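K.L.:
First residue of the sequence shown? That's 2 in the numbering used here, and the numbers climb one at a time after it. Even for Gly, the Cβ is constructed at its ideal location relative to N, Cα and C. As the structure is a computational prediction, the values presented were derived from the model and not from experiment. Sharing a structure here in structure tokens format.
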Amino acid sequence: MDSRYIQQFKKGSLEMILLCLIAKRETYGYEIILELNNNGASVLGYAKEGTVYPILYRLQQAELIKCRIAPSTANGGSKKYYSLTGKGRETLEELLKFWDSYTECVNAFIKGYTHSEKAI
């Protein structure tokens, strides 16, 4: 199977997943990566900095999330903590409603299909 199809599914849902994680609590990039890798790696694949941080930047540019820089700690430099904006919360609610409708529609089309059936 061409992995491009699977990658498109993953890519299309990752922004929504990040918004969901940030909606739960204020968090920072590395913590998001750890949560993705601990809880979703078997399906989503392993999240990398080169994937997550550009999405966080885009979400911030779109004013869906905001960033707070915490002072340096004894262990290292400062951390950027992300939280949802009002616009981000509204957008997430819209995305989740769409996701519910989308998956319901897709499931209706594939219901009853078995893997043993041949493609047309």
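DSSP on residue 90, reduced to helix/strand/coil?
P.N.:
It is helical.
K.L.:
I think residue 66 touches residue 84, with their Cβ atoms under 8 Å apart; what is that distance to the nearest whole Å?
P.N.:
Their Cβ separation, rounded to whole angstroms, is 7 Å, which keeps residue 66 and residue 84 in contact under 8 Å.
K.L.:
Please report the Cβ distance between residue 30 and residue 54, rounded to the nearest whole angstrom; I am assuming they are in contact, meaning their Cβ atoms lie under 8 Å.
P.N.:
Indeed they touch by this definition, with Cβ atoms about 6 Å apart.
K.L.:
When you compare only the Cα positions, how much space is there between residue 59 and residue 14?
P.N.:
Their backbone Cα atoms lie some 14 Å apart in a straight line.
K.L.:
Taking the alpha helix (DSSP H) that residue 31 falls in, what are its first and last residues?
P.N.:
Its alpha helix (DSSP H) spans residues 30-45.
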